[in-house]
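A short worksheet on the structure shown next.
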Amino acid sequence: MSTLDKYTDFIVDEYENFPQSRYLTLIVLRKAESEMIFRTEGSGEGLSRDTVHAGLEEENRDPISRVTISKRKQTAVERRTGRELLRQHALLFYTGDATEENICALNRNNPCAQCADCMIYGYAVGGGGAQKSRVITDDAFSVLPYQTVTAKRTFNALYDNNTMRDPVTGQASSSIQEDEYVKPETLFVDMQTLKDLTVDEIHYVIANVLRSRRYGAISSRLGKMRNTLVGAIFSDCEIFSNLELTQCVYDRLGPEGRQFPLDENKVESVITDAVRALTGEVIGTVQPLTESDITALISEIQQKFASSDEVKGLLDSITELYR
2 MSTLDKYTDF IVDEYENFPQ SRYLTLIVLR KAESEMIFRT EGSGEGLSRD
52 TVHAGLEEEN RDPISRVTIS KRKQTAVERR TGRELLRQHA LLFYTGDATE
102 ENICALNRNN PCAQCADCMI YGYAVGGGGA QKSRVITDDA FSVLPYQTVT
152 AKRTFNALYD NNTMRDPVTG QASSSIQEDE YVKPETLFVD MQTLKDLTVD
202 EIHYVIANVL RSRRYGAISS RLGKMRNTLV GAIFSDCEIF SNLELTQCVY
252 DRLGPEGRQF PLDENKVESV ITDAVRALTG EVIGTVQPLT ESDITALISE
302 IQQKFASSDE VKGLLDSITE LYR
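Residue numbers (our numbering): 2 to 324.
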């Protein structure tokens, strides 16, 4: 039995090619636990940011810049987390002969169209065949303004003699650069909408979110992040956006509550209130999970992923959906 069994009206029993209008929106609070860098490409570029209104209320309508984590920077990490498990249990398939060149892999234009990753997160083949992602994402925004949650740091590249001067030629190095970074304990509000997923597929996606710990550039040394599932909402349509929720949270924190670093427990409570307020404006059927059900769901996933045999059973049952 699963905690989600009581929400069967919003969950499909098997994979369908046609949309079924069954949505589950995950409300995720992302917390930076080290310096983090989110940029488009390359070294030395500034952080990704967007200028938007601070809040929804009239007194908070002034524009501010917010750091953004692009949707691709989120799902790419979480897909790789899931694919590691699929690879471990030999559930990534070949597109032809069983050779290394034909194994299902990201960014190689050879998706197998059979594994959980392809069928949940989507794929496209130049020569034909495609699966639209059933994990709908959007940019995640920092709660506080860009100027508050970022800083700059200068770094250099030393030679073997621990100096900036080449020990062979004696010439001084010019490898001095400056990077913008997101400060530790910066909070981002995020939403992921799962469309027409079974219970096992939902467990897989939530586990990928909760088990992913490094995001952004230079992730081997920076980029530690913790994701917390704050809420989950079943519906028969898409609901409000990441930006709306972030702005509503900003409003409800008030001037005194917007001091860096934010109190994580308070922000979680404010997110719950903001979700309740915004849900009331949705035109459609909406069924939020209770706090106790979210706790039970997370515990259920933790127990399942603590056992390699149970993980293998979960992944096998998901893969069987597409045969």
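By construction, the Cβ of each residue, glycine as well, lies at the ideal position given by its N, Cα and C atoms.
Beta-carbon contacts of residue i that lie in its chain and below 7 Å, excluding the five residues immediately before and after
i      : result
Gln21  : Val13, Asp197
Arg1   : Any question about residue 1 goes unanswered here, given that the chain covers just 2 to 324.
Ser242 : Asp139
Candidates the options: closest to residue i by CA position
i      : options                        : result
Glu58  : Gln248, Cys105, Ala152, Gln148 : Gln248
Arg227 : Phe241, Val200, Glu265         : Glu265
Thr320 : Cys116, Ala77, Phe189          : Cys116
Asp10  : Val312, Leu322, Pro289         : Pro289
Pro64  : His204, Glu269, Leu244         : Leu244
Val342 : Arg31, Ser318, Gly281, Lys184  : Shown here, the chain extends from 2 to 324; a query on residue 342 therefore has no answer.
Lys72  : Thr194, Leu298, Ile240         : Thr194
Val78  : Phe19, Leu92, Arg154, Tyr122   : Tyr122
Tyr205 : Thr41, Pro262, Arg84           : Arg84
Pro1   : Pro185, Ala106, Cys105, Asn18  : The question about residue 1 has no answer here: the residues shown for the chain are numbered 2 through 324.
Tyr216 : Glu202, Gln75, Ser66           : Gln75
Leu322 : Ala208, Asn103, Val200         : Val200
CB-CB length for residue i against residue j, believed under 8 Å
i      : j      : result
Leu316 : Leu145 : The Cβ separation is near 39 Å, so there is no contact.
Ile219 : Ile70  : Between Ile70 and Ile219 the Cβ distance is about 15 Å, and since that is not below 8 Å, they are no contact.
Met120 : Tyr16  : 7 Å
Ile1   : Thr280 : This structure gives no information on residue 1, because the portion of the chain shown stretches from 2 to 324.
N-terminal and C-terminal residue of the alpha helix (DSSP H) that residue i is part of
i      : result
Tyr205 : 200-212
Leu246 : 243-254
Ala117 : 117-122
Ile272 : 265-280
Leu316 : 309-321
Leu87  : 72-89
Val136 : From DSSP, Val136 is part of no alpha helix (DSSP H) but of the beta strand (DSSP E) over 136-138.
Span of the beta strand (DSSP E) around residue i
i      : result
Asn110 : Unbroken run through Asn110: none, as it is neither H nor E.
Phe235 : 226-236
Ala141 : 141-143
Gln303 : Gln303 -> not in any beta strand (DSSP E); alpha helix (DSSP H) instead, spanning 292-306.
Thr194 : 188-196
Beta-carbon proximity of residue i to residue j, cut-off 8 Å
i      : j      : result
Arg259 : Asp274 : no
Gly47  : Glu181 : yes
Lys267 : Ser35  : no
Gln89  : Ala114 : no
Gly285 : Ser236 : yes
Thr4   : Asp310 : no
Val210 : Ile240 : no
Thr82  : Arg277 : no
Spatial neighbours of residue i in its chain, beta-carbon cut-off 8 Å, leaving aside the 5 residues before and after
i      : result
Val68  : Phe39, Leu48, Ser49, Arg50, Phe142, Ser143, Tyr147, Val150, Thr151, Val183, Thr187, Phe189
Ile272 : Ile28, Leu30, Val190, Val231, Gly232, Leu246, Val250
Val312 : Leu86, His90, Lys305, Phe306
Min CB distance residue i to chain D below 8 Å
i      : result
Ile272 : In the displayed structure, chain D is absent; only one protein chain is listed.
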